[in-house]
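In the UniProt record's numbering, the protein residues as written are 1 to 145.
Even glycine gets a Cβ: it sits at the ideal position worked out from N, Cα and C.
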Amino acid sequence: MTVFTGIIAFLVLFVIGLTWFFIYYFGNPVIDEPEGIAKVVGNCGDTMEIGLRIREGRVLDSHHWTNGCSFSRHCVEAAARLARNKTVEELAEVNMVTIMEEVGQLPETHLHCAQLAEITLRRSVEDYYARFNRGQGRSPADGNG
1 MTVFTGIIAF LVLFVIGLTW FFIYYFGNPV IDEPEGIAKV VGNCGDTMEI GLRIREGRVL
61 DSHHWTNGCS FSRHCVEAAA RLARNKTVEE LAEVNMVTIM EEVGQLPETH LHCAQLAEIT
121 LRRSVEDYYA RFNRGQGRSP ADGNG
C-alpha cells in the first residue's frame, strides 16, 4: 500500500509541475526576432532577459525570462509588463522604483533584483536603437521601428 501511495504522490506532483510549466511558458511565449533584446547577468549570478516587439515607436509585446529566485522572476515580469503599450521614450520612466511599486515589498537583500530588471529593460531599448540605426540609418521615431 505504501508503494502505491508514493506512486500516486509522484504522479500528482508531476502533473502539478507540468501544468505550471505549460501555464508559464505558453503564457509568456518568446518573441521571434524581437526589435530589442537583452540578457544581463547580475552580480548575484542571476540572469534576466527581456525582449521587445516594437512598432512605430511603441512596445506592442514583451517577453521575459530569468534563472533567478522568485524575487528576480517577479521583478523581470513586472518590468516586461510595465513596458507594454509604452512608447520607447516612455520606457525611460520605468526604473527600479516603479518596478518595486509594481512588485510590492521586496526584502532589502533583494532590492538588486529590481535594479537588474531595470538594467535589462534599458539594455533591450539600447539594443533596439542600435539595430535600428545599423539597419536603416534613420530614427525609430520615423515609423519603421
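Decide if phenylalanine 132 is buried, meaning its Cβ has at least 16 other Cβ atoms within 10 Å, or exposed.
-> So phenylalanine 132 counts as buried.
Return helix, strand or coil for glutamate 77, following the three-state DSSP convention.
-> helix
To the nearest angstrom, how far is it from the Cα of glutamate 35 to the Cα of glycine 57?
-> 11 Å
Can you name, in chain order, every residue of its own chain whose Cβ lies under 8 Å from the Cβ of isoleucine 99, other than the five neighbours on each side?
-> Once the five neighbours on either side are set aside, the close Cβ partners of isoleucine 99 are Cys75, Ala78, Ala79, Leu82, Ala114, Ala117 and Glu118.
How would you call glutamate 49, buried or exposed, if buried means at least 16 neighbouring beta carbons within 10 angstroms?
-> buried
Where does aspartate 127 land, buried or exposed, given buried means 16+ other C-beta within 10 angstroms?
-> buried
When the Cα atoms are used, what is the spatial distance from aspartate 32 to isoleucine 54?
-> 12 Å
Same chain, Cβ closer than 7 Å to arginine 123, neighbours up to 5 away in sequence not counted | Counting only residues of its own chain and dropping the five nearest sequence neighbours on each side, arginine 123 has a CB closer than 7 Å to the CB of Ala38 and Val40.
Closest Cα partner of glycine 68 within the set Gly42, Ile7, Ile8 and Ala92 = Gly42
Note down, in chain order, each residue of its chain lying with its Cβ closer than 8 Å to the Cβ of leucine 52, except the 5 sequence neighbours on either side.
-> Ile31, Pro34, Glu35, Gly36, Ile37, Val59, Asp61, Ser62, Ala83, Ser124, Val125 and Tyr128
Return helix, strand or coil for arginine 55, following the three-state DSSP convention.
-> strand
Which stretch, first to last residue, makes up the alpha helix (DSSP H) that contains isoleucine 99?
-> 96-103
Cβ shell of proline 29 (< 8 Å), same chain only, five flanking positions each side left out = His63
Identity of the residue in Met96, Ile16, Gly17 and Leu121 nearest lysine 86 by Cα | Leu121
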